[in-house]
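So for the sequence shown, full-length UniProt numbering puts the first residue at 1; every next one is plus one.
For reference, the structure discussed in these notes is given below.
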Amino acid sequence: DVQPGVTIVIGPGTEAIAGEGRIVTAGGIDCHIHFICPQQIEEALSSGITTMFGGGTGPATGTNATTCTPGAWNMYRMLESAEAYPMNLG
């Protein structure tokens with residue numbers, strides 16, 4: 001598959017590996033995020049993060065992190081808001 005805005009250069013230093021049945025992504029994984037806003041993705045991408053796992057979509061006060069997710073609808077809305085970014089989210 002291809003993704004708009006993503007260009008992967010394959011050169012002499014590129015190693016091909018078997019990836020059948022796997023999700024393979026070059027880059028770092030941040031496994032403790034709070035879904036405060038989709039702009040977090042821009043910061044993570046600029047640091048080499050390609051995969052983010054987390055929760056806590058609200059309610060929150062201002063920019064304070066939250067540890068609760070008030071249901072599937074809120075989680076869906078947060079994931080939907082990040083669809084335009086080349087980021088793996090979970």
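Ideal placement from N, C-alpha and C gives every residue a C-beta, glycine not left out.
{"Query": "Can you say whether Q3 is buried or exposed, counting buried as having 16 or more other CB atoms within 10 angstroms of its CB?", "Result": "exposed"}
{"Query": "Would you list, in sequence order, the uninterrupted alpha helix (DSSP H) runs of no fewer than 4 residues that lie entirely inside the stretch 15–83?", "Result": "39–46 and 72–81"}
{"Query": "Between the Cα of W73 and those of Y85, P86, A84 and G55, spot the shortest distance and give me the residue it belongs to.", "Result": "G55"}
{"Query": "Quick check: the Cα distance between C37 and G11, rounded to an integer number of angstroms?", "Result": "36 Å"}
{"Query": "Taking all protein chains shown into account, do 16 or more other C-beta atoms lie within 10 angstroms of the C-beta of A44, making it buried, or fewer, making it exposed?", "Result": "buried"}
{"Query": "Could you tell me if T57 is buried or exposed, where buried requires 16 or more neighbouring beta carbons within 10 angstroms of its beta carbon?", "Result": "buried"}
{"Query": "Since I believe I41 is in contact with A82 (beta carbons under 8 Å), could you give me their beta-carbon distance rounded to a whole number of angstroms?", "Result": "6 Å"}
{"Query": "So, using beta-carbon positions, are G52 and L79 closer together than 8 Å?", "Result": "Sequence check: residue 52 is Met here, not Gly. Contact: no."}
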